Every structure is written in C-alpha cells, then in structure tokens.
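Novice: Before anything else, here's the structure in question.
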Amino acid sequence: MISYQVIIEAKMGNKEAVAQILEFYLPKIKKISKEDEFVQMALIAVYNGIKNFRNIEK
7 MISYQVIIEA KMGNKEAVAQ ILEFYLPKIK KISKEDEFVQ MALIAVYNGI
57 KNFRNIEK
C-alpha cells in the first residue's frame with residue numbers, strides 16, 4: 007500500500023516517490039496486459055493521477 011506521505015511527496019516532484027508508486031502499480035498493470043503500449047499508457051495514467059491528486063480529507 008502506498009502511504010499518503012509518499013503520494014504528497016510525489017505530487018511535489020520527488021522522483022523517488024514517483025518511482026515507488028509506479029513500481030507498486032507495475033505488477034498489477036502487467037497482470038491485466040503484457041502489451042508494452044498498454045503498460046506504458048497505464049503508467050502514464052497513474053502518473054497523471056499523482057499530479058492531479060487532491061486531498062479530499064477535511
């Protein structure tokens with residue numbers, strides 16, 4: 007599981023945090039499809055999700 011702190015660090019531009027998140031999701035994505043194009047698109051979607059993350063907790 008990815009911690010909230012890692013997500014915030016990734017959103018702030020910490021490349022190690024981004025890599026940690028992408029490495030977490032890569033095996034899950036590869037279970038769905040092993041096609042390189044699909045994997046690349048899915049990782050881009052994860053990265054965009056990191057950039058667009060908003061704290062909904064109040």
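Convert by adding 6 to the 1-based position in the sequence shown; the result is the number in my numbering. We treat Cβ as the ideally placed atom computed from N, Cα and C, and that holds for glycine. Note that the structure is predicted; figures quoted are calculated from it, not measured.
I need the straight-line Cα distance from I27 to I13, nearest angstrom please.
Specialist: Looking up residue 27 in the sequence shown gives position 21. Looking up residue 13 in the sequence shown gives position 7. Their backbone Cα atoms lie some 8 Å apart in a straight line.
Novice: Shortest alpha-carbon distance to A51 belongs to which of Q11, Y31, M18?
Specialist: In the sequence shown, counting from the first residue as 1, residue 51 sits at position 45. The shortest C-alpha separation from A51 is found at Y31.
Novice: To the nearest angstrom, how far is the alpha carbon of Y10 from that of A23?
Specialist: Working through the sequence shown from its first residue, we reach residue 10 at position 4. Working through the sequence shown from its first residue, we reach residue 23 at position 17. Cα-Cα distance, rounded: 11 Å.
Novice: Please say whether K21 and F59 have beta carbons closer to each other than 8 Å?
Specialist: Residue 59 sits at position 53 when you count from the first residue of the sequence shown. Residue 21 sits at position 15 when you count from the first residue of the sequence shown. Not in contact: F59 and K21 (Cβ atoms no closer than 8 Å).
Novice: By Cβ distance, which residues of its chain are closer than 6 Å to I8, with the 5 residues on each side in sequence left out?
Specialist: Translated into the one-based positions of the sequence shown, residue 8 becomes position 2. These residues qualify, in order along the chain: I27, F30.
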